[in-house]
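In our numbering, the protein residues as written are 934 to 1379. Glycine included, each C-beta is placed from N, C-alpha and C at the ideal position. On a predicted model such as this, the values are computed, not experimentally measured, just so you know.
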Ligand SMILES: Cc1cc2nc3c(=O)[nH]c(=O)nc-3n(C[C@H](O)[C@H](O)[C@H](O)COP(=O)(O)OP(=O)(O)OC[C@H]3O[C@@H](n4cnc5c(N)ncnc54)[C@H](O)[C@@H]3O)c2cc1C
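So, in structure tokens, the structure goes:
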């Protein structure tokens, strides 16, 4: 929408930095900009911060360590969240990640926002980007008060789907190169009444392949899945397990009708799974459904093309960049696009694996004063398989919020921010950008 057209709508707020989407990337973008003194607002459609980690019911955040060595390669806000989960007594941490109670995470992220003076506007949906001379100057939002405009000097798109950059007309790609299809979507669910020590003894093979095969052979389960993608458990809620198992393929998550169909199907799968657990898994005979979350989990949608496109060769080749803002180290995790289980294009790295993430993948082409962070950044389908996990999303968000505030302070566009100054600021915030930082962060560790 043009600035002139936007003047026909009421102005809800005027801020320095507007962050659209309050998921892992948006939280970090908002916190870092606010901590640097920028008047910052996060707009979020749901009633909490955390995205997939809370509204999506997914109590597990990864990955903090270099593959196989246990050395921590991510710092800053991502590390702070992990420490505060443990301190708050609602989760546990190992070198790989954190497992936590979803409700505790909601409370923690709001406490961090309050401490930073970060503004939050829940129950509000982003609809359009306001542009002036090719630069983002705000967003059109919709809530119970109707359609309004938030005017902003800098905008960060943390919607996961790249809604803000898409509405600004930025180029983007979707899905695998052959046909644009994306990874399946998953509705998480939480069960109670679990005897975890007994389950632990039984689950020698974590994937429980035989259980699914038997359940399907005996007509107790449709063939929607064949591997456990995650069982998230924390000793702070010993009889509960968060289950990452449902799988719905061929979904375009930017279409409400597709999301509706997928959610209804996945909820059936979740209840079917609980029945299979009760029948076939020792320790789960008395388990029951506690909840399905507010939203279905989306692994892949629009990737907004930026000044650089991170490729699978960069990831697998552990490429280093002069404009590095953080590290990633997750395997190339591609769920089967056409059926159950994992896709053949997934790739497992060896010991010592990590790669740098460059600032330029946050800078969308064709628009000024806008950055992206999180799942919608500029990368290829296979690179996204690694970069999409929450720890790098948080680190990218921290870089985007910091860069937005710096660019305002120095009177330059988000694209032209002095990368050396950005890197210095990120390091002051405890971020890890290079081998020297890793060594320092791991000093004194066993
Ligand atoms: C089933 C599943 C399992 C996963 N497992 C793991 C795991 O074990 N470990 C791990 O670290 N990562 C995991 N991931 C990956 C990770 O959760 C996501 O890639 C990550 O959350 C992306 O962060 P984000 O902030 O970019 O987006 P999201 O977490 O999707 O957050 C986006 C936020 O923007 C809001 N939003 C979107 N559009 C609008 C709009 N138009 N208006 C207002 N608000 C809007 C959403 O409500 C949401 O809060 C998993 C993902 C899925 C789907």
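Supposed close pair residue i, residue j - CB separation, criterion 8 angstroms
i	j	result
residue 994	residue 1248	With a Cβ gap of about 20 angstroms, residue 994 and residue 1248 do not count as contacting.
residue 1109	residue 1314	5 angstroms
residue 1165	residue 1038	Not quite, the Cβ-Cβ distance comes to about 12 angstroms (not below 8 angstroms), so this is no contact.
residue 1206	residue 1178	6 angstroms
residue 1217	residue 1127	6 angstroms
residue 1327	residue 1011	4 angstroms
residue 1337	residue 966	5 angstroms
Classification of residue i by the beta-carbon crowding that lies within 10 angstroms, buried from 16 upward
i	result
residue 1061	buried
residue 935	exposed
residue 1372	exposed
residue 1092	buried
residue 1056	exposed
residue 1203	buried
residue 986	buried
residue 1086	buried
residue 1078	exposed
residue 1000	buried
residue 978	buried
residue 1289	buried
residue 1016	exposed
residue 1139	exposed
residue 1036	exposed
residue 1044	exposed
residue 1376	exposed
residue 1378	exposed
residue 1159	buried
residue 1349	exposed
Three-state secondary structure (DSSP) of residue i
i	result
residue 1130	helix
residue 1250	coil
residue 1075	strand
residue 993	strand
residue 881	The question about residue 881 has no answer, for the chain in this structure spans 934 to 1379.
residue 945	strand
residue 978	coil
residue 988	coil
residue 1321	coil
residue 1112	coil
residue 1227	coil
residue 1166	coil
residue 1285	coil
residue 1099	helix
residue 1326	helix
residue 1135	helix
residue 1243	strand
residue 1206	helix
residue 1366	coil
residue 1353	helix
residue 957	helix
Counterpart residues of residue i in DSSP-defined beta bridges
i	result
residue 1222	1124
residue 1089	952 and 1304
residue 1064	935 and 1069
residue 1054	976
residue 1290	1259
residue 1275	1268
residue 1117	In DSSP, residue 1117 forms no bridge with anything.
residue 1295	Beta-bridge pairing links residue 1295 to no other residue.
residue 1030	995
residue 1084	947 and 1071
residue 1105	1237
residue 1280	1265
residue 1024	1033
residue 963	Paired residue(s): none; residue 963 is not in a bridge.
residue 1177	1163
residue 1059	1074
residue 1312	1243
Open item on the list: Using a Cβ distance threshold of 8 angstroms, determine whether the segment 1093–1100 contacts the segment 1296–1311, with at least three qualifying pairs required.
Closed with: The way I'd put it, the segment 1093–1100 does touch the segment 1296–1311; three or more beta-carbon pairs between them come closer than 8 angstroms.
Open item on the list: Can you confirm whether the segment 1104–1119 touches the segment 1182–1197 when touching is taken to mean that 3 or more C-beta pairs between the two stretches lie within less than 8 angstroms?
Closed with: The segment 1182–1197 is in contact with the segment 1104–1119.
- [ ] Determine contact between the segment 1001–1009 and the segment 1254–1263, defined as no fewer than three beta-carbon pairs at a distance below 8 angstroms.
- [x] In the pairwise beta carbon analysis, the segment 1001–1009 is classified as touching the segment 1254–1263: at least three pairs are separated by under 8 angstroms.
Task: Touching by the beta-carbon criterion (3+ pairs, under 8 angstroms), the segment 1359–1370 and the segment 1079–1094 - done: The segment 1359–1370 is not in contact with the segment 1079–1094.
TODO: Decide if the segment 1211–1227 is in contact with the segment 1266–1286; the criterion is three or more beta carbon pairs, one per stretch, under 8 angstroms apart.
DONE: With the rule of 3 Cβ pairs closer than 8 angstroms, the segment 1211–1227 does not count as touching the segment 1266–1286.
Task: Cβ contact (3+ pairs, closer than 8 angstroms) linking the segment 1353–1366 and the segment 1331–1342 - done: Cβ pair count under 8 angstroms is three or more, so yes.
Open item on the list: For the pair the segment 1012–1030 and the segment 1207–1214, tell me if three or more CB-CB distances fall below 8 angstroms.
Closed with: Per the Cβ contact rule, the segment 1012–1030 is not in contact with the segment 1207–1214 (fewer than 3 Cβ pairs under 8 angstroms).
Open item on the list: Between the segment 966–985 and the segment 1040–1058, can you find at least three pairs of beta-carbon atoms closer than 8 angstroms?
Closed with: Proximity of the segment 1040–1058 to the segment 966–985 meets the contact definition, three or more beta-carbon pairs being nearer than 8 angstroms.
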